[in-house]
Amino acid sequence: MNVLDLQQVSFGVADKTLLSDLSLSVKEGQRWAVLGRNGVGKTSLLHSIAGLHPIDHGSINLLGNNLQQLSRREIAQRVGVLLQQQEQSFPALVRDLVEMGRHPHLTSWQAANTQDKQAVDQAISELALNGLEDRDIQTLSGGEQRRVEIATVFAQTPRLYLLDEPINHLDIAYQVDILQRLKEKSELAKTAVIMVLHDINMAAQFCDQCLLLFGEDSYLAGSSDALLTPSNLEKLYQQKFMQTEINGQPMFLPII
Amino acid sequence: MALTHFRNPAIIGLSLVILVTLAGAFSLLSGSVEISAYDLLSVINATDSSIEHSVITQIRWPRTLAALIVGGLLGYSGVLMQVLLRNPLADPYILGVSGGASVAALLCMLLGISGLLLSLAAFLGALISMLLVYGLARGHETWTPTRLLLTGVVIAAGWGAVISLLLAIGPATSLHSMLFWLMGDLSGAMPHLSIHALVLLLLVSGGIFIAPQLDILARGFQQAAVLGINVAKFRLGIYLMASLATALAVTLAGPIGFVGLVVPHMVRLVLGSQHRHLLPVSTVVGAALLTIADTLARTIIAPSQLPVGVLTAFIGVPLFLFLLYRGTGERK
Chain U
1 MNVLDLQQVS
11 FGVADKTLLS
21 DLSLSVKEGQ
31 RWAVLGRNGV
41 GKTSLLHSIA
51 GLHPIDHGSI
61 NLLGNNLQQL
71 SRREIAQRVG
81 VLLQQQEQSF
91 PALVRDLVEM
101 GRHPHLTSWQ
111 AANTQDKQAV
121 DQAISELALN
131 GLEDRDIQTL
141 SGGEQRRVEI
151 ATVFAQTPRL
161 YLLDEPINHL
171 DIAYQVDILQ
181 RLKEKSELAK
191 TAVIMVLHDI
201 NMAAQFCDQC
211 LLLFGEDSYL
221 AGSSDALLTP
231 SNLEKLYQQK
241 FMQTEINGQP
251 MFLPII
Chain C
257 MALTHFRNPA
267 IIGLSLVILV
277 TLAGAFSLLS
287 GSVEISAYDL
297 LSVINATDSS
307 IEHSVITQIR
317 WPRTLAALIV
327 GGLLGYSGVL
337 MQVLLRNPLA
347 DPYILGVSGG
357 ASVAALLCML
367 LGISGLLLSL
377 AAFLGALISM
387 LLVYGLARGH
397 ETWTPTRLLL
407 TGVVIAAGWG
417 AVISLLLAIG
427 PATSLHSMLF
437 WLMGDLSGAM
447 PHLSIHALVL
457 LLLVSGGIFI
467 APQLDILARG
477 FQQAAVLGIN
487 VAKFRLGIYL
497 MASLATALAV
507 TLAGPIGFVG
517 LVVPHMVRLV
527 LGSQHRHLLP
537 VSTVVGAALL
547 TIADTLARTI
557 IAPSQLPVGV
567 LTAFIGVPLF
577 LFLLYRGTGE
587 RK
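In order, the protein sequence lines correspond to chains U and C.
Everything in the first sequence is counted per my numbering, starting at 1 for the first residue and increasing by one.
Everything in the second sequence is counted per my numbering, starting at 257 for the first residue and increasing by one.
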């Protein structure tokens with residue numbers, strides 16, 4: 001079953017069209033990397049899929065439902081979004097923040113049940129936040145805050161993960177760990193993942209599908225093996241790349 | 257800071273009851289007529305016709321109740337405004353609600369209107385200002401906190417100019433009462449306090465009911481939308497609740513500064529940001545703080561009275577600074 005279907009979707013910001021006629025099918029178990037230069041519309045695309053940004057044309061189908069017919073709550077029960085930046089203006093405990101991920105699954109003032117508590121506990125331990133649960137978010141480092149935000153999305157247990165630069169601010173061990181966990185989630189739990197990444201090699205290693213946004217309405221979508229080539233990357237970033245292989249894994253290095 | 261230690265509802269509830277009882281008793285017992293705690297108990301006897309009895313029931317109790325209600329409304333409204341504007345510096349008056357009320361009230365004073373009619377006019381002025389700010393901030397697109405804040409601040413500045421104009425052209429005889437009104441004062445007529453109390457109770461209950469959503473909204477509007485909240489509708493609801501609370505408070509007592517800004521902060525420093533605690537506790541602490549301030553305002557230089565707004569600033573500023581610096585000190 002397709003988790004997500006985009007049909008001839010167009011959207012833009014202000015008067016500028018960012019993408020037109022984008023068609024895409026995302027299936028269970030797939031992990032998509034969205035790659036492209038700054039300002040090309042990667043974040044706007046994730047926001048459109050999450051219903052946060054209106055589309056000008058086309059249709060978005062989420063697990064067989066037209067996105068526009070779903071309420072915010074119904075979308076939140078199916079889609080988990082990690083925003084690119086979150087501003088922590090008010091204090092809050094780490095555990096309370098992770099518990100917010102269960103909000104779409106609870107009716108007003110319904111107490112969290114065992115399943116909810118389990119999801120929260122699991123998310124906390126997956127992001128190695130044990131011991132930080134009673135800390136105020138404003139006292140944590142940037143990387144720790146990012147892990148709390150990711151844990152909130154994990155606790156939400158969505159069918160579709162939309163992650164905007166999930167591994168920014170994280171040290172390399174957490175980067176690998178989190179991408180590995182997303183891989184397991186997509187394979188075991190019939191979920192799909194779409195993430196904006198700037199690290200081509202991480203994309204090549206953890207994402208089986210790629211969406212390359214070239215700007216000016218042109219894009220390529222398909223398997224990472226086929227699309228991640230030095231010539232495509234050069235067209236994507238206006239930067240020359242060379243490809244090498246380590247243990248059967250393609251690696252891309254910018255030629256300086 | 258280990259916020260969890262303060263989260264025991266029984267301890268929170270008990271300390272609040274003690275706080276309000278003490279503040280209320282302080283207010284009822286202070287004044288030119290000496291009243292003992294024993295006299296206070298005798299109030300239950302309705303047939304009592306002593307002077308003490310009528311002082312308590314007809315003078316002090318209405319004033320104490322008014323202080324409790326206004327303080328509660330301001331503490332409550334401050335919490336909501338801060339979430340709505342995503343700015344811990346927001347206070348109930350920041351969006352110009354009090355300006356609208358003040359202009360209407362001063363106009364009434366110039367025309368020689370007083371009492372209930374003045375209160376009604378002030379409430380109407382607050383409502384007009386509220387709708388004006390909301391309508392302008394909305395424009396043709398969705399409003400951001402910044403847009404709402406700027407619209408409110410500009411409208412408030414506009415009201416400020418009108419207020420200055422009214423003060424400049426007003427006759428000298430009414431200047432004193434106008435200034436007292438503008439500084440926030442609880443000595444005026446107190447009509448329909450039971451209605452105000454009921455509205456406050458309803459507002460607080462409603463606030464507690466939506467507390468989980470307020471917690472999420474405080475994390476940012478986009479994050480709230482992502483977690484399943486219809487942000488546009490929800491924000492409008494909060495705006496109306498906060499504005500109604502402010503309008504009622506201003507109508508009763510004029511614009512009293514600092515309570516709405518300082519109280520939510522103090523409570524947040526001690527209890528954290530969970531709104532199911534923050535909202536009711538800020539309401540009760542605001543009520544107690546204003547009652548204490550008002551008691552001091554009318555006794556400190558008796559027989560003259562100070563406007564209570566002056567006292568709230570004198571108490572609020574050092575208290576807030578103390579808590580702020582103590583709080584950040586512990587965090588390190």
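Note that beta-carbon positions come from the ideal geometry of N, C-alpha and C, so glycine has one too.
DSSP has residue i in a bridge; who is on the other side?
i	result
Asn168 (chain U)	Note: Asn168 (chain U) sits in no beta bridge, so no partner.
Val81 (chain U)	U:Leu162
Val339 (chain C)	Partner(s): none; Val339 (chain C) has no beta bridge.
Trp437 (chain C)	DSSP lists no partner for Trp437 (chain C).
Cys207 (chain U)	DSSP output for Cys207 (chain U) lists no bridge partner at all.
Ile194 (chain U)	U:Trp32, U:Leu162
Val389 (chain C)	Partner(s): none; Val389 (chain C) has no beta bridge.
What residue does the beta strand (DSSP E) around residue i start on, and which one ends it?
i	result
Asp21 (chain U)	16 to 27
Ser59 (chain U)	57 to 62
So what does DSSP say about residue i, is it helix, strand or coil?
i	result
Met242 (chain U)	strand
His103 (chain U)	helix
Asp199 (chain U)	coil
Ser333 (chain C)	helix
Gly585 (chain C)	Since pLDDT at Gly585 (chain C) reaches only 46, below the 50 mark, its modelled position is unreliable, and no value is offered.
Gly222 (chain U)	strand
Met1 (chain U)	coil
Pro250 (chain U)	strand
Val40 (chain U)	coil
Ser292 (chain C)	coil
Glu136 (chain U)	The sequence as given places Asp at residue 136 (chain U); Glu does not occur at that position. The answer is strand: DSSP assigns Asp136 (chain U) an E or B state.
Trp317 (chain C)	helix
Thr152 (chain U)	helix
Leu562 (chain C)	coil
Trp32 (chain U)	strand
Leu351 (chain C)	coil
Leu212 (chain U)	strand
Leu188 (chain U)	helix
Gly572 (chain C)	helix
Name, please, each residue of chain U whose Cβ falls closer than 9 angstroms to the Cβ of residue i.
i	result
Ser538 (chain C)	In chain order: nothing, as chain U lies at least about 13 angstroms away.
At which residues does the alpha helix (DSSP H) containing residue i begin and terminate?
i	result
Ala122 (chain U)	According to the sequence as given, residue 122 (chain U) is Gln; it is not Ala. Where Gln122 (chain U) is concerned, the enclosing alpha helix (DSSP H) stretches over 114 to 126.
Arg524 (chain C)	515 to 527
Pro265 (chain C)	265 to 285
Ile472 (chain C)	467 to 473
His309 (chain C)	307 to 310
Trp399 (chain C)	Trp399 (chain C) -> no alpha helix (DSSP H), and no H or E assigned at all.
Thr229 (chain U)	No alpha helix (DSSP H) contains Thr229 (chain U), which DSSP labels as neither H nor E.
Phe490 (chain C)	487 to 509
Thr551 (chain C)	531 to 555
Ala346 (chain C)	Run containing Ala346 (chain C): none; DSSP gives neither H nor E here.
Compare the Cα-Cα distances from residue i to each of the options and report the closest residue.
i	options	result
Pro265 (chain C)	C:Leu534, C:Ile548, C:Leu438	C:Leu534
Ile200 (chain U)	U:Ile167, U:Ser223, U:Met251	U:Met251
Ala226 (chain U)	U:Leu211, U:Ser44, U:Glu74, U:Ser186	U:Leu211
Gln85 (chain U)	U:Asp177, U:Ser141, U:Glu165	U:Glu165
Tyr349 (chain C)	C:Gln530, C:Arg554, C:Phe514	C:Phe514
Leu405 (chain C)	C:Ser430, C:Ala378, C:Ser538, C:Gln338	C:Gln338
Phe490 (chain C)	C:Ile472, C:His452, C:Val537, C:Ser433	C:Ile472
Leu525 (chain C)	C:Met439, C:Val389, C:Val506, C:Val335	C:Val335
Val3 (chain U)	U:Tyr174, U:Val79, U:Ser44	U:Val79
Thr568 (chain C)	C:Phe578, C:Asp550, C:Ile557, C:Ser433	C:Asp550
Glu187 (chain U)	U:Leu220, U:Phe206, U:Leu197, U:Glu216	U:Phe206
Gly565 (chain C)	C:Gly269, C:Phe282, C:Ala293, C:Val326	C:Val326
Glu245 (chain U)	U:Ala204, U:Asn38, U:Glu126	U:Ala204
Residue i versus chain C: which residues are under 8 angstroms apart at the beta carbon?
i	result
Glu165 (chain U)	Those within 8 angstroms of Glu165 (chain U) in chain C number zero; the least Cβ separation is about 15 angstroms.
Asp15 (chain U)	Neighbours of Asp15 (chain U) on chain C: none; closest Cβ ~13 angstroms, over 8 angstroms.
Gln86 (chain U)	Arg475, Gly476, Gln479
Name the chain U residues that come within less than 7 angstroms of residue i, Cβ to Cβ?
i	result
Gln478 (chain C)	Leu52, Leu83
His529 (chain C)	Here the sequence assigns Ser to residue 529 (chain C), which means His is not the residue at that position. Simply Phe90, Pro91, Ala92.
Ile472 (chain C)	Met100, His103
Arg394 (chain C)	None at all; the shortest Cβ gap to chain U is about 17 angstroms.
Arg524 (chain C)	Pro91
Which residues of chain C have a Cβ atom closer than 7 angstroms to the Cβ of residue i, listed in chain order?
i	result
Arg72 (chain U)	Ala481, Gly484, Ile485, Asn486
Asp121 (chain U)	Within chain C, no residue comes near Asp121 (chain U); the closest Cβ sits about 17 angstroms away, beyond 7 angstroms.
For residue i, return the contacting residues in chain U, with the cut-off set at a CB-CB distance below 8 angstroms.
i	result
Pro344 (chain C)	Ser89, Phe90
Who are the neighbours of residue i on chain C, taking C-beta pairs under 9 angstroms?
i	result
Gln175 (chain U)	Result: empty, since nearest Cβ-Cβ is about 22 angstroms, beyond 9 angstroms.
Ala76 (chain U)	Ala481, Val482, Leu483, Gly484, Ile485
Asp96 (chain U)	Asp471, Gly528, Ser529, Gln530
Could you check whether the Cβ of residue i sits closer than 8 angstroms to any heavy atom belonging to the ligand NAP?
i	result
Ala14 (chain U)	What this structure holds is no ligand at all, so the ligand NAP is not there to describe.
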